[in-house]
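Inspection log for the structure reproduced underneath, given as C-alpha cells.
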Amino acid sequence: MKNAANTVTVHVPFTIRKYGGRKQVITPNGEPAAIEKPRVDSTLIKALARAFRWKKMLESGQFATITELAKHENLALTYMTRVLRLSLLAPEIVEMILDGRQGPEMTLAALLEPFPVEWERQKDNFKSPPIASIKLLPSNKLSE
Numbered sequence: 000m001k002n003a004a005n006t007v008t009v010h011v012p013f014t015i016r017k018y019g020g021r022k023q024v025i026t027p028n029g030e031p032a033a034i035e036k037p038r039v040d041s042t043l044i045k046a047l048a049r050a051f052r053w054k055k056m057l058e059s060g061q062f063a064t065i066t067e068l069a070k071h072e073n074l075a076l077t078y079m080t081r082v083l084r085l086s087l088l089a090p091e092i093v094e095m096i097l098d099g100r101q102g103p104e105m106t107l108a109a110l111l112e113p114f115p116v117e118w119e120r121q122k123d124n125f126k127s128p129p130i131a132s133i134k135l136l137p138s139n140k141l142s143e
C-alpha cells in the first residue's frame, strides 16, 4: 500500500446469507437487516413545485404582482409569500427533498418559517444525512 499512514480500516461485523435465492445481510445479533428507504415527503414536493411554478408565472409577466397571483389562485397573500420563499432554497436542499434524503426535521411547516437566503447558511440550518448513508434496520421494522 502506498499511503498506509492515510488508510483507515473499518470493521463492520455482519454476515451474508442466502434465503430463497436472495442474499440478505445479517447483523451481529442475528437479525436480518435492510437498507432504509428514502422518505419522500409528497406535501413538501408539491409545495416546492408550486413555488417554482408561481415564480415562473411572476418572472414571465403573466402576473405583475404576488397580490394578483394570490387572488388568481384564491390563496392568502401571506401563505403564497411563504411558499414562494421555497424557490430561494439552495439547489442541494431542493435535490435532497426531491430524492427523499432530507432529515426528519425538514417539514413543510419548518420550511415555511423564515430561513436565511444565503445558501451556505441554509445548508448549515438544514443539515442532511450524508448521501451515502445506509442505516441497517431489522427487517421487522420495515413495515412500520
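So for the sequence shown, numbering that gives the first Met the number 0 puts the first residue at 0; every next one is plus one.
Just so you know, even glycine gets a beta-carbon here, dropped at the ideal spot from N, CA and C.
Keep in mind that this is a model prediction, so the values were computed, not measured.
Beta-carbon proximity of residue i to residue j, cut-off 8 Å
i	j	result
Thr85	Ala46	For clarity, residue 85 is Leu in the given sequence; the question names Thr instead. Closer than 8 Å, so yes.
Ala50	Leu83	yes
Pro37	Gly99	yes
Same chain only: Cβ atoms within 7 Å of residue i, ignoring 5 sequence neighbours per side
i	result
Leu97	Ile44
Arg16	Gln23 and Ile25
Ala48	none
Supposed contact pair residue j and residue i - C-beta distance, whole angstroms, cut 8 Å
i	j	result
Gln121	Ala89	5 Å
Leu107	Thr42	5 Å
Trp118	Met79	Not really, about 23 Å apart at Cβ, beyond 8 Å.
Between the CA atoms of residue j and residue i - distance to the nearest angstrom
i	j	result
Phe114	Val93	14 Å
Phe62	His71	9 Å
Asp123	Glu91	12 Å
Val116	Leu87	7 Å
Pro31	Glu112	40 Å
Arg21	Phe13	16 Å
Ser59	Thr66	16 Å
Asp40	Asn28	32 Å
Asn5	Val11	19 Å
Arg81	Val7	46 Å
Thr64	Val9	56 Å
Neighbourhood of residue i by C-beta, 6 Å cutoff - its chain only, sequence neighbours within 5 removed
i	result
Met105	Phe125
Beta-carbon contacts of residue i that lie in its chain and below 8 Å, excluding the five residues immediately before and after
i	result
Met155	The structure shown does not extend to residue 155, since the chain is modelled only from 0 through 143, so no value can be given for it.
#### Entry: Length-filtered (3 minimum) beta strand (DSSP E) runs lying within the stretch 97-130
none
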